[in-house]
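Please read the structure below before turning to the comments.
Residue numbers (this note's numbering): 11 to 372.
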């Protein structure tokens, strides 16, 4: 299985030909099928002797691929579509073929360096300090959870006797915030937005003060949204951030898709206040034209995240130096360098092209 034989060469040619065709032609819309329907056509694909490379590829291209919705199809308006650039899709092939490990600097320094430059661009768009940094994770759910875990760990150092914690957010916050609260076993303080559907600082401050006055529960993080999933509404980041920091609480901005518009000058002012965030996320696979999956998780003070997320074991101690290891900044250890396709496209096209493309979509 690990020799590059003539059979492997032929299979490589087939796979590359299929990939190029998929990139050049208009994507098929296609759609899901039932498990019974698929089984009736392909049967059990896992066998003792194997199907063979050519045959397995045919099963995928002729049947299985056609049972998947092409999220880059112009008529796919469900959820939040992905429209990766051709460059990012092509470089995803390189990432897959290169067996790159992206968990540590020791093993993936060049790739991590490139990812960090892409993260730096996003940090600069948000006007975060030069010390800001982070990591590309799977998606917004993991990004939000990782940031909130770091936020609680930081709060524990300041309020060590607190026995019950809470996350404050808009009643219209993304479902991943409730999921994070459930996983962390903390309370979720939902705050009703204003008539404009935005979360405002006065409501945040009042809700937190009421909770602190009436219970022993302490809010350790406030989550504002930089573009709600249903309506694209951006919370009042300036007032929410101010109310949060006045109470010595971590300010997190969930901008999974909306914060991508930071690169569009015409709407940049809508996100004023994001520069006060202690952490933020944005998914390049949503609106920054990268393939699945890549969420940029960025911290104002990455050292807090490192203290929280670094794993310790005898077999990991060689990694614990002053270098930048992505595994230290989120809930993961093993990771692919999922930010590289985005970096390649950004480096190749330039940031002006991204700003122009963003303005075009708006």
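All residues carry an ideal CB built from backbone N, CA and C; glycine is no exception.
Contact check for residue 269 against residue 284 passes: the beta carbons are separated by less than 8 Å.
Taken in chain order, the complete alpha helix (DSSP H) segments of 4 or more residues contained in the stretch 136-202 are 150-168 and 185-194.
When only Cα atoms are considered, residue 181 and residue 266 end up about 17 Å apart. Distance between residue 312 and residue 30, taken at the CA atoms: about 40 Å.
Between the stretch 84-100 and the stretch 299-306 there are three or more inter-stretch CB-CB distances shorter than 8 Å, so the stretches are counted as touching. Contact check for residue 256 against residue 227 fails: the beta carbons are separated by 8 Å or more. Closest in alpha carbon position to residue 232, among 141, 349, 23 and 200, is 200.
Runs of the beta strand (DSSP E) lying entirely within the stretch 223-270, each at least 3 residues long, are 227-235 and 260-264 in chain order. Unbroken beta strand (DSSP E) stretches of 3 residues or longer found wholly inside the stretch 276-304: 289-292, given in chain order. If you look at residue 205, you'll find it isn't in any alpha helix (DSSP H); DSSP assigns it neither H nor E. Between residue 150 and residue 345, the C-beta gap is not smaller than 8 Å, which leaves the two residues out of contact. Residues of the same chain with a CB within less than 8 Å of the CB of residue 82, apart from the 5 flanking positions on each side, are 37, 91, 92, 93 and 94 in chain order. Bounds of the alpha helix (DSSP H) holding residue 18 are 16-34. For residue 308 against residue 138, the beta-carbon gap comes to about 7 Å, under 8 Å, which counts as contact. When C-beta atoms of the stretch 353-367 are compared with those of the stretch 171-188, fewer than three pairs fall below 8 Å, so the two segments do not count as touching. DSSP places residue 69 inside the alpha helix (DSSP H), whose first and last residues are 63-69. For residue 90, the secondary structure class from DSSP, reduced to helix, strand or coil, is coil. As the crow flies, the alpha-carbon of residue 65 is around 12 Å from that of residue 56. Counting the other CB atoms within 10 Å of its CB gives residue 321 a total below 16, which places it among the exposed residues. Secondary structure note for residue 53: it is in no alpha helix (DSSP H), with a DSSP letter that is neither H nor E. Cα atoms of residue 86 and residue 80: separation of roughly 7 Å, rounded to the nearest angstrom.
Residue 187 and residue 214 have their alpha carbons spaced roughly 16 Å apart. Residue 70 and residue 11 have their C-alpha atoms some 20 Å from each other. Note that the C-beta distance between residue 260 and residue 288 is below 8 Å. Closest by C-alpha distance to residue 46, out of 238, 101 and 74, is 74.
Listed as beta-bridge partners of residue 309 by DSSP are 143 and 289. Per DSSP, the continuous alpha helix (DSSP H) segment holding residue 370 begins and ends at 361-371. Per DSSP, the unbroken alpha helix (DSSP H) holding residue 103 starts and ends at 96-108. Per the coordinates, the alpha-carbon of residue 14 lies some 53 Å from the alpha-carbon of residue 165. Counting other Cβ atoms within 10 Å of its Cβ, residue 44 stays below 16 and is therefore classed as exposed. Residue 336 counts as buried, since no fewer than 16 other beta carbons sit within 10 angstroms of its beta carbon. In this model, residue 272 and residue 294 are separated by some 12 Å (Cα to Cα).
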